[in-house]
Amino acid sequence: MPLNIYDSNFYTKKINKSIFKSRILKSMNHLKIKNKIIDISFISQYMMKKINYKYRKINKSTDVLCFLHNGPDKYLMGEIFISIKDAEKNCKKTKNTLLNECSLLGIHGLLHLLGYDHQTLEERKVMLNLQDKIFEKTK
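Per our numbering, residue 3 is the first one in the sequence shown, and the count goes up by one each step.
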């Protein structure tokens, strides 16, 4: 279960990257994601806004975006982008630590890659309950 973590501006200095990676690997194991590569990139709000506009036509930053890979590399499952600044904003609302918030966002991205969504209230309930259940098992 290869997991690549990229950090364009050393944003992960704000969190313990080894604990984050361990939590995401445990989550991948729980979700039975095997023999797949997932890339997680910590990016600036500016880059997140650009990506969000390019692919979703929403001209603002967001905390997490993910993209399922449909290219020739059958091992690359997808990419998850996390904005540390948006995660920090979430922390003010949720009272989570930044490490916990980033871990939740990583798990959220994994669930999206597996096809979970939160467009309806029922979908949101299912996805967020599973996200919280997995998070508790990774701590």
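Quick reminder that beta carbons are idealized off the backbone N, C-alpha and C, glycines included. All values reported here derive from a predicted model rather than from experimental measurement.
Cutoff 8 Å; reference residue i; Cβ partners in own chain excluding five residues on either side
| i | result |
| --- | --- |
| isoleucine 53 | Ile45, Leu67 and Phe83 |
| aspartate 119 | Glu125 and Met129 |
| glutamine 47 | Ser63, Ser85, Lys87 and Asp88 |
| serine 24 | Thr140 |
| asparagine 98 | Asn92 and Leu106 |
Span separating the alpha-carbon of residue i from that of residue j
| i | j | result |
| --- | --- | --- |
| cysteine 93 | threonine 122 | 24 Å |
| lysine 15 | leucine 113 | 25 Å |
| isoleucine 21 | aspartate 9 | 15 Å |
| lysine 62 | methionine 49 | 10 Å |
| leucine 115 | isoleucine 40 | 10 Å |
| tyrosine 55 | leucine 5 | 26 Å |
| lysine 51 | asparagine 72 | 23 Å |
| leucine 132 | phenylalanine 69 | 20 Å |
Exposure label - residue i; buried when at least 16 CB within 10 Å
| i | result |
| --- | --- |
| serine 29 | buried |
| phenylalanine 12 | exposed |
| isoleucine 60 | exposed |
| glycine 117 | exposed |
| arginine 58 | exposed |
| glutamate 103 | buried |
| glutamate 81 | buried |
| leucine 107 | buried |
CB of residue i within 9 Å of CB of residue j, strictly
| i | j | result |
| --- | --- | --- |
| threonine 140 | isoleucine 109 | yes |
| lysine 38 | tyrosine 77 | yes |
| isoleucine 17 | serine 43 | no |
Proximity test, Cβ basis, 9 Å: residue i and chain B
| i | result |
| --- | --- |
| glycine 80 | The structure shown contains no chain B; it is built from a single protein chain. |
Residues near residue i by beta carbon distance below 7 Å, same chain, minus five either side
| i | result |
| --- | --- |
| glutamate 90 | Leu100 |
| glycine 111 | Val66, Cys68 and Ile82 |
Which whole runs of the alpha helix (DSSP H) in the stretch 34 to 64 are 4 residues long or more, in chain order?
Correct list: 47 to 58.
Please go through the stretch 63 to 116 and give each complete beta strand (DSSP E) segment of 3 or more residues, from N-terminal end onward.
Fully contained in the stretch 63 to 116 are the following beta strand (DSSP E) runs of length 3 or more, in chain order: 66 to 70 and 78 to 85.
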